[in-house]
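Counting in the working numbering, the final residue of the sequence shown is number 276, and the numbers go up one at a time with none missing. Where a beta carbon is used, it is the ideal one built from N, C-alpha and C, also for glycine. Structure record follows, encoded as structure tokens.
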Amino acid sequence: GAGWVKHKIRLTDADPAVRQRAREFIFGIINFAGILGAPAIVGSMQGRFEGAVSREQALDRLADALRALGERASGHGVPLLYEPLNRYETNLICRAADAAKFIEERGIKNVKLLCDLFHMNIEEADVAGALRAVAPHLGHVHWADSNRHAMGFGHTSVAPIAAALRDIGYAGYLSAEVFPLPDAEAAAAQTMVSLRTLSASA
Numbered sequence: 075g076a077g078w079v080k081h082k083i084r085l086t087d088a089d090p091a092v093r094q095r096a097r098e099f100i101f102g103i104i105n106f107a108g109i110l111g112a113p114a115i116v117g118s119m120q121g122r123f124e125g126a127v128s129r130e131q132a133l134d135r136l137a138d139a140l141r142a143l144g145e146r147a148s149g150h151g152v153p154l155l156y157e158p159l160n161r162y163e164t165n166l167i168c169r170a171a172d173a174a175k176f177i178e179e180r181g182i183k184n185v186k187l188l189c190d191l192f193h194m195n196i197e198e199a200d201v202a203g204a205l206r207a208v209a210p211h212l213g214h215v216h217w218a219d220s221n222r223h224a225m226g227f228g229h230t231s232v233a234p235i236a237a238a239l240r241d242i243g244y245a246g247y248l249s250a251e252v253f254p255l256p257d258a259e260a261a262a263a264q265t266m267v268s269l270r271t272l273s274a275s276a
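Here's what the structure looks like:
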């Protein structure tokens with residue numbers, strides 16, 4: 075998110091120079107992450123449609139950027155991860171199924187979905203069902219509770235999510251993108267507790 079939060083660059087910006095800087099920024103991440111065999115993520119830098127930029131223009135620009143970024147990631151033997159965000163952070167694609175459909179219909183290659191459970195708690199009527207529906211596209215999961223705290227500090231029901239991940243044969247990573255509250259040690263400890271619960275329920 076630093077590309078947007080710190081540098082204010084987005085892949086769908088009205089200014090072509092800003093869009094190019096956004097691509098170059100992510101290319102740099104891909105090149106570095108590729109050395110480690112790790113994927114890069116497109117999240118907040120996807121941007122939004124507003125002002126002179128229509129929804130269709132923004133989606134066209136996003137698709138074009140994801141194609142180029144996915145191709146660059148392919149050269150490193152890793153996928154690019156695209157993260158649908160909640161409605162307060164983007165007005166482009168907020169639901170996992172819509173993101174999967176977008177990738178398929180636009181012919182975007184080597185791009186997988188990063189499904190963040192915090193965002194999904196806002197946008198999905200059934201988080202577990204949404205994960206099942208996008209199983210072929212699922213590349214990573216952000217393991218966070220409904221309030222962006224460590225899993226178990228909010229109201230997310232872990233059991234159906236654990237069952238969904240087990241049933242679809244998900245073998246990728248879970249990472250905890252959570253607030254360090256009440257402090258970092260407590261958040262880490264609770265995350266480990268929740269992951270052990272996940273393992274036990276699977």
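- Query: Where does serine 273 sit, in a helix, a strand or coil, going by DSSP?
  - Reply: helix
- Closest residue to glutamate 98 among His193, Arg146 and Ala174 (Cα-Cα distance): Arg146
- Can you check whether the CB of histidine 223 is closer than 9 Å to the CB of phenylalanine 253? yes
- Item | Buried/exposed call for tyrosine 162, threshold 16 Cβ in 10 Å | exposed
- Query: So what's serine 148 in DSSP terms, helix, strand or just coil?
  - Reply: helix
- Quick one: residues in its chain with C-beta nearer than 7 Å to the C-beta of leucine 188, no 5 flanking neighbours on either side, listed in chain order? Ile115, Leu155, Tyr156, Glu157, Gly213, His214 and His216
- Can you tell me whether DSSP reads valine 127 as helix, strand or coil? coil
- Message: Let me check understanding here. Comparing Cα to Cα, which of Arg206, Ala139 and Ile104 lies closest to valine 92?
- Response: Ala139
- Beta-carbon contacts of glycine 181 that lie in its chain and below 8 Å, excluding the five residues immediately before and after: Arg141
- Give me the Cα-Cα distance between glycine 203 and threonine 230, rounded to the nearest whole angstrom. 14 Å
- Task: For leucine 133, collect the residues of the same chain with a Cβ closer than 7 Å to its Cβ; drop the 5 residues on either side in sequence, then sort them by chain order.
- Result: Leu166
- Less than 9 Å separating the beta-carbons of glycine 121 and arginine 169? no
- Query: Residues in its own chain within less than 6 Å of glycine 228 by CB, not counting five upstream and five downstream?
  - Reply: Asp219, Ser220 and Asn221
- Determine the closest residue to histidine 242 out of Glu251, Val152, His211 and Gly226, with distance taken between C-alpha atoms. For clarity, residue 242 is isoleucine in the given sequence; the question names histidine instead. Selected option, being the one with the closest Cα: His211.
- Item | CB-CB length for leucine 159 against glycine 117, believed under 8 Å | 6 Å
- Task: Mind checking which residues open and close the alpha helix (DSSP H) that includes lysine 175?
- Result: 170–179
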